[in-house]
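Undergrad:
Number of protein chains: 2
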Amino acid sequence: MSLDTAATQPHERMQAALADDLEAVNLLIRDRMASEHAPRIPEVTAHLVEAGGKRVRPMLTLAAARLCGYEGEAHRKLAATVEFIHTATLLHDDVVDESQKRRGRPTANLLWDNKSSVLVGDYLFARSFQLMVETGNLRVLNILSNAAAVIAEGEVLQLTAAMNLSTTEDIYLQVIRGKTAALFRAACEVGGVIAERPEPMIEGLATYGDGLGIAFQMADDLLDWGGSSGAIGKNTGDDFRERKLTLPVIRAVARADATERAFWERTIEKGDQRDGDLEQAMDLLRRHGTLEETRAEAMGWSARARDALAVLPDHPLRDMMADLADYVVARLT
Amino acid sequence: MSLDTAATQPHERMQAALADDLEAVNLLIRDRMASEHAPRIPEVTAHLVEAGGKRVRPMLTLAAARLCGYEGEAHRKLAATVEFIHTATLLHDDVVDESQKRRGRPTANLLWDNKSSVLVGDYLFARSFQLMVETGNLRVLNILSNAAAVIAEGEVLQLTAAMNLSTTEDIYLQVIRGKTAALFRAACEVGGVIAERPEPMIEGLATYGDGLGIAFQMADDLLDWGGSSGAIGKNTGDDFRERKLTLPVIRAVARADATERAFWERTIEKGDQRDGDLEQAMDLLRRHGTLEETRAEAMGWSARARDALAVLPDHPLRDMMADLADYVVARLT
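Here it is in structure tokens:
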């Protein structure tokens, strides 16, 4: 879930346009992750929060609010809320996935232990709820608490769907809505709500966040297979090794003949993977055209996100958000 | 954290007095722990929620609200909220403590895995926030989100205080306020808030919950040392083996001579425990009188809880709550 960097990318232009707001959000994050008596909390949190994440989610909240003409400061609390939820999720994800690296650095569960990651994650969840409650906006609380439930449900679904060849496209969509799109959607939506804009605009922001998140995650899943051309690189095949079913595989399994089915059963269900299996899996995906199809699906969600912005006011931030939707799929070749 | 059972105990009388409310809360819990797409969630939750917990915390919310003359239904949502927070905490605690048994049954982390316990716990946290948001009462949201943060902070503090001989009584009090008293306190307080009673009554309920929770946890910690007489039984010494510092040890360490200090350093800090060490530890606690002192402290907090109820209306539920405060320390001999 990282965005490549280069000059004048949309999220960099957003960073520049929202510099004051972002600075205030960073101060708020640093203030709220403090704990007088449990110094382990800011240590673990800082490791993750200050490790060069791009703050895409809080930026979306700030951008949505500003684009809607919001002039107060509550959007900063909501942006910090969103980042805390995201960080808590990362801490727990790394425990669940037994990950060793995130953003090129050792994970918190490796540097400290699983216990610290679980409990500090819980602390950040609680802090995020305190922050959102401070806004006193019940609709915002409703949106964000619903998002938190969808995220957790999606994570459990992903856990039980792994290694299971009967996973459908519907389940896949639910998993990625949970793990990625729900927070993108809520992050955008609350910006419109806090600005008290008419329903169609709020709905437009929600649809944008949903499409952006889905496109982003589908692109990530496709890149794990080397992109639509299916070229093996050093970061290819993690999902295959972890026996996670993403869209390219789900479609290839659905069209498998008996021999191919036996291959997926052995490698994904039984977990018996041998030399050359990754190459063969990729060959099957290419043969069934599912890498190209996944790219087309991601492009479709990206276009849907961009289109949803049409009801929003004409504004430089709106253009940057639209460009961001293009950008997350532009890395797919 | 279990209460012994026998006929006509205060929590059993509360159960009878609140039967209709409790039935409604149980239905609400069952309804909200469902997940259409992730059946793992209700499986794990049911294992814990329906495993004969005594529902002390949700009963306190119901009792506080009814005692304050509340006639609506929002207190049931708050009671379910409190039980969900408690259940989520248990799931994560058992992962952190690597526990194998809870309430005499295998833990969820053993029956399923740590991943499920972490993620289902997150789901229940999110569900608890959805439930409390539904009440639309911002003060209640404030109290419960603060409690969630204090709980998580206390858990982290406990983690870093373990095996650390410089742990003070202040830190101990903070840990048990976090792990136990914060939720008892919030559970009682929100009952008064939802009933819109005057501030002194709400404050009385909060003080009651705080005292009850602290007395309860101190009693639990003392029983882990065999009670104030320090008799070794089959459930004695878990905290010693896990190198957790509770009040009897903290005070004995503070008064240790050089030889005793070396004993605590070896057994607690270095974790080098040998046959006969538990007996020697207990001997030190008896010699310094810290078991008796801990009992006196617990009795003091219990009395404080009982006294705080004086400002509340005269009501059978108030008497049961007062009796409950006596009961949690009556098991100490």
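So the sequences go chain by chain: A and B. Its first residue numbered 31, the first sequence is counted upward by one per residue in the numbering used here. Its first residue numbered 31, the second sequence is counted upward by one per residue in the numbering used here. Here a beta-carbon is modelled for each residue, glycine too, at the ideal position from N, C-alpha and C.
1. How would you list, in chain order, the residues of chain A whose beta-carbon sits under 7 angstroms from the beta-carbon of Y153(B)?
2. Please find out if some non-hydrogen atom of the ligand NAD comes closer than 7 angstroms to the beta-carbon of G263(B).
3. For the alpha helix (DSSP H) holding Q188(A), just list the boundary residues, first then last.
4. Look up K69(B) in the DSSP assignment and say whether it is helix, strand or coil.
5. How about A156(A): is its C-beta nearer than 8 angstroms to some C-beta of chain B?
6. Using DSSP bridges, identify the partner residues of R43(B).
7. Does the beta carbon of R70(A) sit closer than 8 angstroms to a beta carbon anywhere in chain B?
8. Examine chain A for any beta-carbon lying closer than 8 angstroms to the beta-carbon of Q310(B), and answer yes or no.
9. Residues of chain A with CB closer than 8 angstroms to the CB of K145(B), please, in chain order.
10. Is the beta carbon of P278(A) sitting closer than 8 angstroms to the one on L308(A)?
11. R133(A) and R62(A) - do their beta-carbons sit closer together than 8 angstroms?
12. Is the beta carbon of M162(A) less than 8 angstroms from the beta carbon of V150(A)?
13. Measuring alpha carbon to alpha carbon, tell me which residue in N144(A), E219(A) and L78(A) is nearest L174(A).
14. Which runs of the alpha helix (DSSP H) fall wholly inside the segment 86-138 of chain A and span at least 4 residues, in chain order?
15. Can you tell me the Cα-Cα spacing of N58(A) and A216(A), whole angstroms?
16. Please state the DSSP three-state secondary structure of R281(B).
17. For V205(A), I'd like the list of residues in its chain whose CB is within less than 8 angstroms of its CB, leaving aside the five on either flank, ordered along the chain.
18. Whole angstroms are fine: how far does the CA of E80(B) sit from the CA of T117(A)?
19. Look at the Cβ atom of A110(A), then the Cβ atom of V74(A), and state whether they are nearer than 8 angstroms.
20. Under 8 angstroms by Cβ, that's how I've got I244(A) and G208(A) pegged, so tell me the actual separation to the nearest angstrom.
21. Examine chain A for any beta-carbon lying closer than 8 angstroms to the beta-carbon of G102(B), and answer yes or no.
22. Give the single residue among W255(B), F270(B) and T324(B) whose Cα lies nearest to the Cα of E299(B).
23. When you compare the CB positions of Y238(B) and M351(B), do they come within less than 8 angstroms of one another, or not?
24. For I71(B), tell me which candidate among L52(B), S147(B) and R106(B) has the shortest Cα-Cα distance.
25. Pull up the distance between the alpha-carbon of R304(A) and that of A311(A), whole angstroms please.
26. If you drop the 5 nearest sequence neighbours on each side, which residues of the same chain put their C-beta closer than 6 angstroms to that of A355(B)?
27. Going by C-alpha distance, which of D51(B), W142(B), K107(B) and A340(B) is nearest A76(B)?
28. Name the two residues that bound the continuous alpha helix (DSSP H) containing V55(B).
29. Taking three-plus beta-carbon pairs below 8 angstroms as touching, is the segment 315-330 of chain A in contact with the segment 256-263 of chain A?
30. Just to make sure I have the definition right: I need the residues of chain A whose C-beta is within less than 8 angstroms of the C-beta of H122(B). Which are they?
31. Would you decide whether D287(B) is buried or exposed? Buried here means 16 or more other CB atoms lie within 10 Å of its CB.
32. Secondary structure at A360(B), three-state DSSP: helix, strand or coil?
33. How far does the alpha helix (DSSP H) with A245(B) in it extend, from its first residue to its last?
34. Should I232(A) be flagged as near chain B, meaning a C-beta pair shorter than 8 angstroms?
35. CB-CB under 7 angstroms to A138(B), same chain, minus the five flanking residues each way: which ones, in chain order?
36. To the nearest angstrom, how far is the alpha carbon of L90(A) from that of F214(A)?
TA: In this structure, then:
1. A179, A182, E183 and V186
2. Because no ligand of any kind appears in the structure shown, any question about the ligand NAD cannot be addressed here.
3. L168 to A191
4. Per the sequence shown, residue 69(B) should be read as Pro rather than Lys. It is coil, neither helix nor strand.
5. yes
6. In DSSP, R43(B) forms no bridge with anything.
7. yes
8. no
9. V125, V126 and L189
10. no
11. no
12. no
13. E219(A)
14. 86-97 and 104-126
15. This sequence places Leu at residue 58(A); Asn is not what is there. Spanning the two alpha carbons is a distance of roughly 20 angstroms.
16. helix
17. G184, L187, Q188 and A191
18. 32 angstroms
19. no
20. Not confirmed; about 11 angstroms, so no contact.
21. no
22. F270(B)
23. yes
24. S147(B)
25. 11 angstroms
26. L242, S332, A335 and R336
27. W142(B)
28. A49 to R62
29. yes
30. V148, L149 and D152
31. exposed
32. helix
33. E229 to L253
34. no
35. V74, H77, L78, L121, D124, S146 and S147
36. 8 angstroms
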